[in-house]
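Protein chains: 2
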Amino acid sequence: MAVFNRGPLQTAAALCVIILLTFYFMIFHNFPGELTKMLSTTQKLSCPHGSELLKDHLPKDQSEELLERRAKEFQKQKKRATSELSRLLLAMPNSPLQYPIQGFKVRPLTSTLIPGLALHAGQRSSYKVALDVSKGVLTTEIPAEGVKVQGDGKTRLIVESRSLETLNDLLANVTYTSTVYHIHTGDLATFQFEEHEAMFPITIKQPHLPVLYDMGTDINSHVTITTKTFLRYQQLKVLLRSIRRFYSNIKVIIADDSFEPEHITGAHVEQYFMPPAQGWFAGRNLAVSQVTTKYFLWVDDDFLFTVKTKIEKLVEVMEANPELDMVGGTVDGNQFYFSLLYEEGEEKEGGCLYRKSKERFNSLPGYPQCFLANGVVNFFLARTDAVQKVGFDPKLKRVAHSEFFMDGLGSLLVATCNHVSIGHQPHGVNYKDKARYNNFRNPAENYTEFSFQLHFFKNHLKCIKYG
Amino acid sequence: MAVFNRGPLQTAAALCVIILLTFYFMIFHNFPGELTKMLSTTQKLSCPHGSELLKDHLPKDQSEELLERRAKEFQKQKKRATSELSRLLLAMPNSPLQYPIQGFKVRPLTSTLIPGLALHAGQRSSYKVALDVSKGVLTTEIPAEGVKVQGDGKTRLIVESRSLETLNDLLANVTYTSTVYHIHTGDLATFQFEEHEAMFPITIKQPHLPVLYDMGTDINSHVTITTKTFLRYQQLKVLLRSIRRFYSNIKVIIADDSFEPEHITGAHVEQYFMPPAQGWFAGRNLAVSQVTTKYFLWVDDDFLFTVKTKIEKLVEVMEANPELDMVGGTVDGNQFYFSLLYEEGEEKEGGCLYRKSKERFNSLPGYPQCFLANGVVNFFLARTDAVQKVGFDPKLKRVAHSEFFMDGLGSLLVATCNHVSIGHQPHGVNYKDKARYNNFRNPAENYTEFSFQLHFFKNHLKCIKYG
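Residue numbers (this note's numbering), protein chains in the order written: chain S, 181 to 647; chain X, 181 to 647.
See below:
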């Protein structure tokens, strides 16, 4: 820069001006929130002590390529969120403009009246306002005498009148019509009078058809029991007999990837046969995909129903708290639950995740024995639609549990209660395929590596800590 | 009311006052949008000519009970949407208050600075503002000299100072902390100074972990082919051979509910066996639940890959438009697509749905041969995660197609293109189980009744029109 070729005093003065200009723009044009947001997304995270640094588990020769591919995928994913509706906007003080700040929602391609647009300015000989949009057009009724309109049917509408009342009459009848079909996006409108300018959001949304479940009249129409089995028919049959002691007609869905499949007979049992050893989460996703009731109860194939396994009590908790997606119970007295502390981190590096065992949040209103958490044990009642929306990742073939709750973080409202329990069949018992089962169940070292690599890419993580 | 005991003149005057007061509140306190919204949700819909009135298809003896159960379920579903964030709010003119109107998002239970809070009032001897919230508490830094703070750490914060500058310094450091864990809800803050009051939203959201797919390096890691088969092994094998002509290593997932299952051999084929005749949509949901790639290509078991079946071209459209969830092609030259016109209707009666064939919206940027629509033919490439979030309803055992797109309305951004096609195997050909297949395929009359009953409840509809 030419300015730096002069003497030191002039350089200092020039630098001073540059700094002052920067501050001016920061203060008057760059809202503090935007600035904070800008700063936070560029901040690299330092992983908590005891974390696994996931980049270290990538195959050395593919490390760069994976980082790049992940960055590209992350960018594409971000384009699916509509930025206009998350942009920080402030209402400026002492502005004569009145406008909607929240709640102005329109259907795509449909003309909708903009609510609450008005000008409350002091005495003028003439009043002129402008309204600008990007993803739609503005139309107004045929102007009465004494008001001039420019840009009717376009993206920029200018209205002028000598009478404030006439101007406001017109402003009360401006409609917005989005011009491109979309199911969920946003536009930003700019409303301007003299030196005053206001920006407000317009939500463009295709209304959903409701998707409701008929709860019917009894427990069998409220809940389906789901399980996955592999090489443990002995345990599975014990589980089924224990279910039938208390629930003779409830439907049981079994996802089965055993090597030598055995047909389970009996009414209200649906058995699905998968390619052998296809995997744990593939089987879970399959079982849930077949549920036709509002809720399903997940059980492992070596659990045991007891007199305390009262599904109705879990249904009661869910029905009393319609925002809840899942409620976990206890297995053989063990009420396992955890929270997931997640920092988003910087775009290129990824975030930090800390699974904290025995961490929970507030209790449910009316249910002091139930608390919110981010993950629970494998005995839970859940909303079928909510769990299907998250899904059990079929890439997880062997040991997996928290991964489901990680994928569901922010999507599932999860609670843990201690007043409903299920038993667990004894662990040490010998059975036909025990050795073969354990061979699959105890993962090889490369499975742990695979798991870290999966979290690295799929969940855009820098590090994980299991606590 | 005592006022009506007086003479007619006084009564008229009193009535006049009451009417004027009502108008005052309507104009200055009841926003026009709110009023319009209030009116629209109580308006009963009249069904378009040619619609099926769904209530007529309910079993007579259960009609009242079903209406009531549906209303209850609908109410519970509504509680899952957070009303604070959709409430219509206006920014009042000529207010000395400055505050955020959009974009103030906080993590649950986490202290976050409220951006942009300030007072720009004229000369006063003293300035006093109040800030109220419901789902959290407000805290501020230790006040400097000359400012009085009440309610630090509570839901109502009152700040008072003789100096506007000192007051604003404090306002710039007020933090909000939500007090109840939630994954997505909202609070409304009220900011008040003298007779001025402003209401602004606070979004409380648990950030999601990203869930990305590794696209890998070739078509086999981008796409899985999925299909459902029933009693048509002859056609299925012809389809598979045609796939292998062009894509030798692409994975094919087959959901099979045939009566006498036959194992399909070959590399990269996964076959899942269901209870016999379990059903069409159950099979579709199963197949999709097993996909591990970002995209899947749906084909029917009697389709035929040709040289024009270029999956890469469909992937290209999807990758260029990351907001897109699905892109349909043509089957034997038939480019079927439709739009779904949906009116929400009144709470007790339900909405109206009109499936309009050959209706589409705008074209995709850069792809003039592709248009947005609400539903397409059964040959499409789709995002696995988006389709899993909607799901194929396993209650639909026989004929079904539009139902998936109805459940997905507002959730799936769907396009139809004409530059990628697939063939259809000849219809008239004889095969082993043809009669038995047709018996299932051509639905009994009670299936149509069942279908209407399902739409009545599940989709909260009053009427459907198929055009």
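Don't be surprised by glycine CBs; every beta carbon is placed ideally from N, CA and C.
Counting only runs of at least 3 residues, the segment 306-366 of chain X fully encloses the following beta strand (DSSP E) elements, listed from N- to C-terminal order: 307-312, 316-320, 327-330, 336-341 and 354-358. Each of Asn353/S, Gly459/S, Thr404/S and Ile644/S was checked against the Cα of Val468/S, and the nearest Cα belongs to Thr404/S. Across the set Asp367/S, Glu523/S, His635/S and Lys488/S, the C-alpha of Asp367/S shows the shortest separation from the C-alpha of Gln282/S. Think of a sphere of 8 Å around the beta carbon of His448/S: no beta carbon from chain X falls inside it, the nearest being about 11 Å out. Judged by beta-carbon spacing, Phe373/X lies beyond the 7 Å limit of Leu246/X, meaning their Cβ atoms are not closer than that value.
Straight across, the Cα-Cα distance linking Glu583/X with Asp481/X is about 20 Å.
Here Met506/X carries a strand assignment [DSSP, helix/strand/coil].
Residues of chain X whose Cβ lies closer than 8 Å to the Cβ of Lys256/S are, in chain order, Glu499 and Pro502. If one requires a minimum length of 3 residues, the beta strand (DSSP E) runs lying completely within the segment 368-421 of chain X are 376-385 and 403-409, in chain order. The three-state secondary structure of Tyr611/X, taken from DSSP, is coil. Chain order gives the chain X residues near Leu392/S as Arg250, Glu253, Phe254, Lys256, Gln257, Phe637, Lys638, Asn639 and His640, where near means a beta carbon separation below 9 Å. If you look at Gly531/S, you'll find it in the beta strand (DSSP E) that goes Gly530 to Ser537.
If you ignore the 5 residues before and after Phe439/X, its C-beta comes within less than 6 Å of the C-beta of Pro456, all in its own chain and listed in chain order. By the CB criterion at 7 Å, Pro280/X and Leu270/S fall inside the cutoff. Following the DSSP letters along the chain, one finds Phe560/X inside the beta strand (DSSP E) bounded by residues Phe560 to Arg563. Under a 10 Å Cβ-count criterion, Thr290/S is classified as exposed, with fewer than 16 other Cβ atoms of the shown protein chains found around its own Cβ.
The beta strand (DSSP E) runs lying completely inside the segment 243-284 of chain S and spanning 3 residues or more are 269-271 and 277-282, given in chain order.
By the Cβ-count criterion, Gly459/X is buried, with 16 or more other Cβ atoms from all chains shown falling within 10 Å of its own Cβ. Not one beta carbon of chain S lies nearer than 7 Å to the beta carbon of Val317/X. Contact between the segment 507-516 of chain S and the segment 629-636 of chain S is not established, with fewer than three Cβ pairs separated by less than 8 Å. Within the segment 508-526 of chain S, Tyr522 and Glu524 place their CB atoms closer than 7 Å to a CB of chain X, listed in sequence order.
In chain order, Ile363 and His388 make up the part of chain X whose C-beta sits under 8 Å from the C-beta of Ser591/S. Taking 7 Å as the threshold, the shortest C-beta distance from Ser266/S to chain X falls below it. Around Phe485/S, no beta-carbon contact reaches into chain X at under 9 Å, the shortest distance being about 23 Å. Shown here, Pro623/S sits in coil according to DSSP, grouped into three states, outside any helix or strand. Per the C-alpha coordinates, the member of Ser401/S, Leu552/S, Asp573/S and Glu625/S positioned closest to Leu592/S is Leu552/S. Across the structure, Ile433/S and Ser314/X are spaced so that their CA atoms are roughly 44 Å apart. Remark: C-beta atoms of Tyr617/X and Leu419/X do not approach each other more closely than 7 Å. Look at Thr472/X: its C-beta is under 7 Å from a C-beta on chain S. Using a Cβ-Cβ cut-off of 7 Å, Pro455/X counts as an interface residue toward chain S, since at least one Cβ of chain S sits closer than that to its own. Contacts with chain S (Cβ-Cβ distance below 8 Å) from the segment 534-559 of chain X involve Phe541, Asn542 and Leu552, listed in chain order. Using a Cβ distance threshold of 7 Å, Tyr356/S and Leu318/S count as a contacting pair. The alpha-carbon of Arg540/S is positioned some 13 Å away from that of Asn598/S. For Asn514/X, the secondary structure class from DSSP, reduced to helix, strand or coil, is strand.
A distance of 7 Å or more separates the beta carbons of Leu477/S and Gln605/S. Put simply, the CB of Leu466/X is near chain S, with a gap under 7 Å to one of its CB atoms.
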